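In my numbering, the protein residues as written are 323 to 599. Some notes on the structure that comes next.
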């Protein structure tokens, strides 16, 4: 498969675009970038138009203002879709990207055909909130790589780290090279917005999948089940023995889950249109 070449929108969003068919947009997590989705490009681009982009303050995209809200991150996705002349897309958000995907679903429902939230957060306990807020404060003081070793230990299994040192080192470098202001603005939202418009989640009417790994300590199975229960008809999946970075560590398993969901979502959407017609 030919590697896609990064392009930019007029507003400065860097993105990759590969494949044909129904558009699927991938949103990465805090401190990462669009390159984390390499396994998903391989697995999905034969059947779908796959688009991955750098969030504000990450990769080659523009920096956010210090007071940018989740709505601002959702508006970045709208600008990207407008640039690509895409009316509706399936949006798949990982971790912080899952919060952006939720904000997009709530603020731009007419632009969404299906929703996937991977390894994201919802209804943190007071202890969980205190932990992530402390890590955000540490990163604000000492820089994006302040707690990188602890993050990598949470994100990957020991076996994967041992077997793939070059890939883990590359992710470490990506984390360390983030712009401090962009990283802090994004991380602060991730640390505090897990209940963003929680009372409105019942308005989401598209096919929805919420998934995480069994061993994901920050984006727990309990969070996944609670979030899915808040969205009508949403399905929850917990992948056995997986940690936070399961799209990278277990791309085949994640891709199978995504392809099964995307096929079901298309069937549901086509059936609904048939009933309306």
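For every residue, glycine included, the Cβ atom is placed at its ideal position computed from N, Cα and C. For clarity, every value in this text was computed on a predicted model and none was experimentally measured.
>> For residue 514 and residue 504, what's the separation of their Cα atoms in angstroms?
In response: So the alpha carbons of these two residues sit roughly 16 Å apart.
> Is the stretch 370-384 in contact with the stretch 429-440, if contact means three or more CB pairs nearer than 8 Å?
Replying inline: no
> Among 508, 534, 566, which one has its Cα closest to the Cα of residue 386?
Replying inline: When C-alpha distances from residue 386 are compared across 508, 534, 566, the shortest belongs to 508.
> Around the C-beta of residue 598, are 16 or more other C-beta atoms found within 10 angstroms, so that it is buried, or is it exposed?
Replying inline: Low confidence applies to residue 598: its pLDDT is 45, below 50, so where it sits in the model is not reliable, and the reading given next is rough at best. Classification of residue 598: exposed, given that the 10 Å Cβ count is below 16.
> What does DSSP give as the partner residues of residue 532 in its beta bridges?
Replying inline: Bridge partners of residue 532: 439, 558.
> Taking the C-alpha atoms as reference points, what is the distance between residue 359 and residue 327?
Replying inline: 14 Å
> If residue 454 and residue 498 are in contact, beta carbons under 8 Å, what's the gap, nearest whole angstrom?
Replying inline: Going by Cβ atoms, the distance from residue 454 to residue 498 rounds to 19 Å, so no, they are not a contact pair.
>> Just to confirm, is the Cβ distance from residue 571 to residue 482 under 8 Å?
In response: For residue 571 and residue 482, yes; Cβs fall inside 8 Å.
> So, is residue 398 buried or exposed, given that buried needs 16 or more other C-beta atoms within 10 angstroms?
Replying inline: buried
> For residue 487 and chain C, any beta-carbon pair shorter than 8 Å?
Replying inline: Absence of chain C from the displayed structure is noted, only one protein chain being present.
> When you compare only the Cα positions, how much space is there between residue 473 and residue 449?
Replying inline: 17 Å
> Does the stretch 531-551 come close enough to the stretch 566-581 to have 3 or more Cβ pairs within less than 8 Å?
Replying inline: yes
> Are the beta-carbon atoms belonging to residue 434 and residue 413 less than 8 Å from one another?
Replying inline: yes
> Helix, strand or coil: which one does DSSP assign to residue 585?
Replying inline: helix
> In chain order, what residues of the same chain have a beta carbon less than 7 Å from the beta carbon of residue 390, not counting five sequence neighbours either side?
Replying inline: 378, 507
> Who are the near neighbours of residue 403 in its chain, counting only those whose CB is closer than 7 Å to its CB and skipping five residues on each side?
Replying inline: Hits under 7 Å: 411, 433.
>> Please classify residue 353 as buried or exposed, where buried requires at least 16 neighbouring CB atoms within 10 angstroms.
In response: buried
>> Could you tell me which whole alpha helix (DSSP H) segments of length 4 or greater appear in the stretch 350-406?
In response: 360-366, 392-405
> Between the C-alpha atoms of residue 550 and residue 556, what's the straight-line distance to the nearest angstrom?
Replying inline: Spanning the two alpha carbons is a distance of roughly 5 Å.
>> Does residue 448 come out as helix, strand or coil in the three-state DSSP assignment?
In response: helix
> Between which two residues does the alpha helix (DSSP H) carrying residue 421 extend?
Replying inline: 418-429
> Can you tell me the Cα-Cα spacing of residue 383 and residue 527, whole angstroms?
Replying inline: 31 Å
> Where do the N-terminal and C-terminal ends of the beta strand (DSSP E) with residue 339 fall, by residue?
Replying inline: Secondary structure note for residue 339: its beta strand (DSSP E) is the uninterrupted segment 336-340.
>> Can you look up residue 415 in the DSSP assignment and give me helix, strand or coil?
In response: Reduced to three states, the DSSP call for residue 415 is strand.
> According to the Cβ coordinates, are residue 443 and residue 349 closer than 8 Å?
Replying inline: no
> If you follow the alpha helix (DSSP H) that residue 494 is part of, which residue opens it and which one closes it?
Replying inline: 487-498 is the extent of the alpha helix (DSSP H) around residue 494.
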